[in-house]
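Residue numbers (this note's numbering), protein chains in the order written: chain W, 7 to 278; chain S, 7 to 278. All residues carry an ideal CB built from backbone N, CA and C; glycine is no exception.
Number of protein chains: 2
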Amino acid sequence: MKPDNRPIGIFDSGIGGLTIARSVSMLMPHEQVLFFGDTAHLPYGDKSAESIKSYVSRIADFFIDNDCKLILLACNSASAAAYPMLHRLHSETHPVLNVIDPNVEYAVKQAYKTIGVIGTKATVTSRAFNRKFASAKPELKVKSIATPLLAPMIEEGYFNNNISQTIINSYLSNKKLDGIEALVLACTHYPLIKNEISRYYAEQKSNVEVIDSTDVIAAYTQKYMQKHKMLAAADRHPEHQFCVSDFTVSFQKTTNIFYGEAVKLTHVPIWG
Amino acid sequence: MKPDNRPIGIFDSGIGGLTIARSVSMLMPHEQVLFFGDTAHLPYGDKSAESIKSYVSRIADFFIDNDCKLILLACNSASAAAYPMLHRLHSETHPVLNVIDPNVEYAVKQAYKTIGVIGTKATVTSRAFNRKFASAKPELKVKSIATPLLAPMIEEGYFNNNISQTIINSYLSNKKLDGIEALVLACTHYPLIKNEISRYYAEQKSNVEVIDSTDVIAAYTQKYMQKHKMLAAADRHPEHQFCVSDFTVSFQKTTNIFYGEAVKLTHVPIWG
């Protein structure tokens, strides 16, 4: 079998998706990652589905022009709004994966009767999780709330302190989440506050499993690539590339929060 | 003198600038306001100066196409990044006002020796306030810090509660602001947390004047229009128009926070 050494295109609205890029590159060190963060339009959480579709569509062309073998939408808002369109347009030549399917596949295998989902307004309003859960396991009750302040809070470095814990507690004490047995972190920023979320439930003496999607998504991607014989040669140590549609020093500084180490951002001014 | 009944174009990156639109329409009830919120790109606070210039430039064309007599950049990030360019391009036919000059003009008349400025990263990084203060009153010491979480916090309805007070206290206790006698609220969202900011200083027993720019800016705009004979006829009760580059139900719902009453947003898809 001939290895496929083309890069994996990983997309996010900003740089939160670097958590997924990191997880993918740790799990599959021979794969080259081409990351694109649409910092010109971030955050997607407040944007309409129509706008998100138009942005994602343009960036998919960028991945295809750069010979990516696979496109991973590492952003829940983008997955919710634009995955069906992207899959329809490109999947015959370029498989498209999203971050919702892996979480749903994982969660429906567990014994939960009631599951919670937190994410941006765009993700929650789309009801993409509700539809996918309803289709995979109709008896599962899904309770979702938008938690729009969490992503900017994390981007500004507010986590593991009294401010972040206050905001997290305020959201999670919402009665709409009462009775959940697990909580899906449906935003690529949230792995950074997983411990604080777990601490909230521990203090409440609630037995709620917090589903950190990062590893689930990387494993799903690997399994997909194995099945479709898309893996790269095992002797490679490729350099990754990290592109953004708008460049600021602040974005550059924040990369290490999400990627675990500083990476060099390249400005690709798709929108001029 | 013939009255000038053309609309005033008021621009913001989102809908926070509705605080200025409100103040202008209350002070000059005969004037028609054409508001444009660039919700497709909001927030500007994290964007580069180059991107902000390109967005603002396109929206200035919209105001000119819609026969506005004056363009008011009711957004500090936009004023900091794009005002000089816009002034250079259009001021001969369409005067352009920004929200930095009125605050600087007001503050230099007071007896302050040290003044603080809080705003977005784009506003603070630009050093536009520092430059303007240095030019108007070189002996005034200016201390500025970026407070990027405040705008999303307010947009999500978090003010006058323990979360907002915790975040505000965290920012204002920054040692970089030590010794200020006044604080300029250099973001159109911040008037909504003026009371909380004042409360922080009262609790600290610090005598810091909090400069709410909204009324200062409206008065500056009125004075400019009087001086240049641009006022509308005094018997008019025009209907205002509120446009956004991206429409979501959430934006629509939030208008009343900033404008004091709900207004109907019209989607003008400049960017498709």
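Specify the secondary structure class of W/I150 as computed by DSSP and reduced to three states. In the sequence as displayed, the identity of residue 150 of chain W is Ser instead of Ile. Correct three-state label for W/S150: strand.
Could you tell me whether the Cβ of S/T192 comes closer than 8 Å to any Cβ of chain W? Before going further, note that residue 192 of chain S is Ala rather than Thr in the sequence given. No, its Cβ sits nowhere closer than 8 Å to a Cβ of chain W.
Just the chain S side, please: which residues come within less than 9 Å of W/H47 by C-beta, in chain order? A46 and H47
Residues of the region 170-196 of chain S with Cβ closer than 8 Å to any Cβ of chain W, in chain order: T172, I173 and S176
Backbone CA spacing between W/D67 and W/I14 [nearest angstrom]: 14 Å
Which runs of the beta strand (DSSP E) at least 3 residues long sit entirely within the region 133-183 of chain W? Give them in chain order. 147-152
For W/V114, which residues in the same chain have their Cβ closer than 6 Å to its Cβ, ignoring the five residues on either side in sequence? A142 and K143
Under 8 Å, with one C-beta from each stretch per pair, do the region 40-57 of chain S and the region 103-121 of chain S reach the 3-pair mark? Judged by Cβ distances under 8 Å, the region 40-57 of chain S makes no contact with the region 103-121 of chain S, as fewer than three pairs qualify.
What in chain W is Cβ-close to S/L155, meaning under 7 Å? Going along chain W in sequence order, the residues near S/L155 (Cβ under 7 Å) are P158, M159, E162 and Y164.
Is the beta carbon of W/T220 sitting closer than 8 Å to the one on W/T25? Taking C-beta atoms as the reference points, W/T220 and W/T25 count as a pair closer than 8 Å.
Beta carbon proximity, S/D52 to chain W, threshold 8 Å: yes
For a contact meaning CB atoms closer than 7 Å, what does W/K59 contact in chain S? In chain order: nothing, as chain S lies at least about 11 Å away.
Under a CB-based cut-off of 8 Å, is W/S256 close to chain S? yes
Is the shortest distance between the beta-carbon of S/D252 and the beta-carbons of chain W less than 8 Å? yes
Starting from the beta carbon of W/G278, find every residue of chain S whose beta carbon is closer than 8 Å, and list them in chain order. S60
Buried or exposed by the 16-neighbour rule on C-beta atoms within 10 Å, applied to W/Q171: buried
Taking Cβ-Cβ distances below 7 Å as the criterion, which residues of the region 259-276 of chain W are in contact with chain S? none
Starting from the Cα of W/D184, find the closest Cα among W/K75, W/D73, W/I121 and W/I199 and give me that residue. W/I121
Can the beta-carbon of W/K182 be found less than 8 Å from the beta-carbon of W/I151? yes
Just to confirm, is the Cβ distance from S/V214 to S/L198 under 8 Å? no
Enumerated in chain order, which unbroken segments of the beta strand (DSSP E) with a length of 3 residues or greater are wholly contained in the region 179-214 of chain S? 188-191
Can you tell me whether S/N109 is buried or exposed? The criterion is at least 16 other CB atoms within 10 Å of its CB, across all chains shown. It is buried - the Cβ of S/N109 has at least 16 other Cβ atoms within 10 Å.
Between S/S97, S/A84, S/K147 and S/K59, which has its C-alpha nearest S/C74's C-alpha? S/S97
Which partner residues does S/N104 have in the DSSP bridge list? S/L79
Does the CB of S/N82 have a neighbour CB from chain W at under 8 Å? no
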